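Novice: Please read through the structure below; I'll follow up with questions.
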Amino acid sequence: MMMKRIENLIFRHAAQQGIRHLARPDLASDDPTLRAVYRQLAEEFQTAPPMTLHASAPALLAGYWHAAREAYVVNPAGRALREAVAAEVSRLNTCPYCQTVHAGMFAAAGGHKAEGADLRALRAWAAATLSP
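The numbering of the sequence shown is our numbering, which starts it at 1157 and goes up by one.
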């Protein structure tokens, strides 16, 4: 229980400091889509700024959480490689906050065990998204 409180403190307060151009989401929203997504986030992951950035468009947030949930909650296998792709895209987007988060998630998912050639190939693939 104490670890969950610490995690909540980090995600809900410290993480917000890295996001400067979006308003903090209203977790008590009357929107039924937002309430449903927030409830599921709270139960299965974190109701945190990285996950709630799309709250101004409830349908977008629901779609984002649907995709993220598959990667983080339902099927975490291969997560390290997905985080490597996300970190590379964040680097290309020059988003220091996202780079830090995804690099940390990569390490937490056992990224140090990822195969060198596979990892390089995925990063190259992610980098290619900048030029169609």
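Cβ atoms here follow ideal geometry from the backbone N, Cα and C, with glycine treated the same way.
No experiment lies behind these values; they were computed from the predicted model shown.
Using 8 angstroms as the threshold, is the C-beta distance between Thr1189 and Pro1206 below it?
Specialist: Within the sequence shown, the letter at position 33 stands for residue 1189. Within the sequence shown, the letter at position 50 stands for residue 1206. No, the Cβ-Cβ distance between Thr1189 and Pro1206 is not below 8 angstroms.
Novice: Please name the residue in Leu1217, Leu1286, Val1229, Gly1219 whose C-alpha comes closest to that of Val1245.
Specialist: Sequence index remark: in the sequence shown, residue 1245 carries index 89 (1-based). Answer by Cα proximity: Leu1286.
Novice: With DSSP as the reference, label Phe1262 as helix, strand or coil.
Specialist: On the sequence shown, position 106 is the one that residue 1262 refers to. Phe1262 falls in the helix class under three-state DSSP.
Novice: To which residues of the same chain is His1210 closer than 6 angstroms at the C-beta, ignoring the five residues directly before and after it?
Specialist: Position 54 of the sequence shown, counting from 1, holds the residue named residue 1210. Within the same chain, Leu1216, Leu1217, Tyr1220 come within 6 angstroms of His1210 by CB-CB distance, once the 5 residues on both sides are set aside.
Novice: Whole angstroms are fine: how far does the CA of Leu1237 sit from the CA of Ala1280?
Specialist: Within the sequence shown, the letter at position 124 stands for residue 1280. Within the sequence shown, the letter at position 81 stands for residue 1237. For Ala1280 and Leu1237, the distance between alpha carbons rounds to 12 angstroms.
Novice: Measuring CA to CA, which of Lys1269, Leu1183, Ala1283 is closest to Thr1295?
Specialist: Coverage of the chain is limited to positions 1157 through 1288, which leaves residue 1295 absent and any answer about it impossible.
Novice: Between the C-alpha atoms of Glu1271 and Leu1278, what's the straight-line distance to the nearest angstrom?
Specialist: Residue 1271 sits at position 115 when you count from the first residue of the sequence shown. Residue 1278 sits at position 122 when you count from the first residue of the sequence shown. Each residue's alpha carbon lies about 11 angstroms from the other.
Novice: Going by DSSP in three states, Gly1099 sits in which element: helix, strand or coil?
Specialist: Since the displayed the chain opens at 1157 and closes at 1288, residue 1099 lies outside it and no answer follows.
Novice: Answer yes or no: do Glu1200 and Arg1235 have a C-beta to C-beta separation smaller than 8 angstroms?
Specialist: By one-based count along the sequence shown, residue 1200 stands at place 44. By one-based count along the sequence shown, residue 1235 stands at place 79. It is not a contact, given that the beta carbons lie outside the stated cut-off.
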